[in-house]
Amino acid sequence: MIEHPAQHLFDESGTGPDTSASTRAPSVARSMLTTAKANLFDFDRKGLRELFAQLGEKPYRADQVMKWIYHRHITDFAAMTDVGKALRDKLSEAVEIVPPNTLFEQQAVDGTHKWLLGMDGRNAIEAVFIPETSRGTLCVSSQIGCGLACTFCSTGTQGFNRNLSAAEIIGQVWVAAKHLGNVPHHQRKLTNVVMMGMGEPLLNFDNVVTAMNVMRDDLGLGLANKRVTLSTAGLVPMIDKLGEVADVSLAVSLHAPNDELRSELVPLNKKYPIAELLEACARYAARRPRTTITFEYTMLNGVNDKPEHARQLIKLMRRLPAKVNLIPFNAFHGTRYTRSDEGVIRAFQKILLDADVLTMVRRTRGDDIDAACGQLKGQVMDRTRRQAEFLRKLERDVAHAA
Ligand code: SF4
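Quick note on the numbering used here: the sequence shown kicks off at 6 and runs consecutively.
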């Protein structure tokens, strides 16, 4: 593991700022009635227009400012030269544009780039950009830590602190896009965003949806719907809710082909077992005729990588427009799991392919900077004990349902 040089930058006192406000979805009323300035990163186009209306400004003024932020990476109102001086002065008084603070960044030999971004005085998250020949993918976080405690996941071992605000989510994309010199529709370096970093995105629903709206807006990042992917551990009711409000690609952290094993790897499975999860996926797919749902399956040596597991997986996948991503496990300090051998992974893939289940093996990227899948850590102060509370509640719910 790499020790981040930025770790000393954190407040050692344990008295970081109150972050409660940033766990809420943005609200125009809140932003205008409190003394704190609204951060424009917290708003999608609709929200921004409402905010500008409260300032007595026309919607096209909001659109102009949005373009300065996401197409030109400008955060200083004074530099927005096609906006009149009076409005620039008014904006400087009333609102601000504040991206996350880059504490540390690092590039792997394969070009993978990782940012450690400070989210408040005590916590940091990582965002990772993975360049490939025909595309560039940014992996983004939605929470500081994660309360779902999947046993094979590095983030899951760190506990949970809080949800990220919409500004903190889209801010990760903005920092990467600025670094890359990405210009939507002209010089596209960032082609895909995957909500697969720290956290369960569907537990931070409103802020994630707002941020994904900006990613897909022509005045924002201008990404096609299918190039924005939300990955969930399987919160069934929220998959249905997502289907109603956002047209994005869906990925599911499956990792096991039967309930007994999945409940061990992904405790959330005790609440939403595989059959219910797949039914929700089928409903999600039914709304989008050409969509394919990606099922992520981390290959754990001797745990879920046997031929019988592949055969069970085939039965599950037959019901859906599905693609399976086999992910070689990336070990982290303290884990009890190891990576399946390359030959085992290829044999597992062949069983699926022979049954006409589209199956890819994900290449491991950024190994030398701990940026590979499942290795994202950041710095999480689990001062709330919400992870333990969540697991206790899950056990109670399951006992009650039995
Ligand atoms: S795999 Fe996803 S949902 Fe599970 S602990 Fe890790 S971040 Fe949370």
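Note that the Cβ used here is the ideal one computed from N, Cα and C, for glycine as well.
Predicted, not measured: the structure shown is a model, and the values here were computed from it.
What do you reckon, is the C-beta of residue i under 6 Å from a heavy atom of ligand 1?
| i | result |
| --- | --- |
| LEU270 | no |
Thinking just about the alpha-carbon of each residue, which of the options is nearest to the one in residue i?
| i | options | result |
| --- | --- | --- |
| ILE102 | GLY116, MET85 and VAL233 | MET85 |
| GLY204 | SER236, ASP222, ALA360 and HIS190 | SER236 |
| ASP346 | MET304, ASN218 and LYS95 | MET304 |
| GLY239 | LEU228, ASP252, MET217 and LEU273 | LEU273 |
| GLN192 | ALA251, ASP125, LEU331 and HIS76 | HIS76 |
| VAL3 | LEU266, ILE174 and SER258 | Since the first residue of the chain shown is 6 and the last is 407, residue 3 is not available in this structure. |
| ALA3 | VAL178, LYS311, ALA41 and PRO242 | Since the first and last residues shown for the chain are 6 and 407, residue 3 lies out of range. |
| PHE337 | PHE157, GLN111, ASN197 and ARG295 | PHE157 |
| LYS51 | LEU266, ARG221 and ALA91 | ARG221 |
| TYR289 | THR234, ASP245 and GLN317 | ASP245 |
| GLU284 | VAL233, VAL257 and VAL70 | VAL257 |
| ASP115 | GLU98, VAL100 and ILE135 | ILE135 |
| PRO242 | ALA229, LEU143 and GLU281 | GLU281 |
| MET322 | TYR65, CYS286 and ASN209 | CYS286 |
| PHE48 | VAL188, GLN163 and LEU224 | LEU224 |
| GLU249 | ARG292, ALA41 and ASN197 | ARG292 |
Keeping to the same chain, check which residues put their C-beta closer than 7 Å to that of residue i; ignore five residues upstream and five downstream.
| i | result |
| --- | --- |
| ARG93 | PHE82, ALA83 and MET85 |
| ALA360 | ILE319 |
| ALA105 | First, the amino acid is wrong: residue 105 is Pro here, not Ala. Excluding sequence neighbours, PRO105 sits near LEU122, GLY123, MET124, GLU173, GLY176, GLN177 and VAL180. |
| PRO278 | ASP264 |
| GLU313 | none |
| ALA315 | PHE353, ILE356 and LEU357 |
If the criterion is Cβ atoms closer than 7 Å, does the pair residue i and residue j meet it?
| i | j | result |
| --- | --- | --- |
| VAL329 | PHE353 | no |
| THR343 | ASN309 | no |
| LEU195 | GLY141 | yes |
| ASN128 | ASN166 | yes |
| SER147 | MET200 | yes |
| THR297 | PRO262 | no |
| ASN212 | ALA251 | no |
| LEU266 | TYR302 | no |
Can you find the residues in the same chain that come closer than 6 Å, C-beta to C-beta, to residue i, ignoring five residues on each side of it along the sequence?
| i | result |
| --- | --- |
| HIS78 | LYS183 |
| THR364 | VAL329, GLN354, LEU357 and LEU358 |
| LEU38 | In this prediction, LEU38 scores a pLDDT of 40, lower than 50, which makes its location untrustworthy; no coordinate-derived value is stated. |
| ALA67 | LEU53, ARG54 and PHE57 |
| CYS144 | VAL133, VAL199, MET201 and GLY202 |
Whose C-beta lies closer than 8 Å to the C-beta of residue i among residues of the same chain, with five residues either side of it excluded?
| i | result |
| --- | --- |
| ILE350 | MET304, ASP310, LEU331, PRO333 and VAL366 |
| LYS63 | PHE57 |
| GLN69 | MET85, ASP87 and VAL88 |
Who sits around ligand 1, taking every residue whose Cβ is closer than 7 Å to one of its heavy atoms? CYS151, LEU153, ALA154, CYS155, CYS158, THR160, GLY161, MET203, GLY204, GLU205, ALA238, SER258 and VAL271
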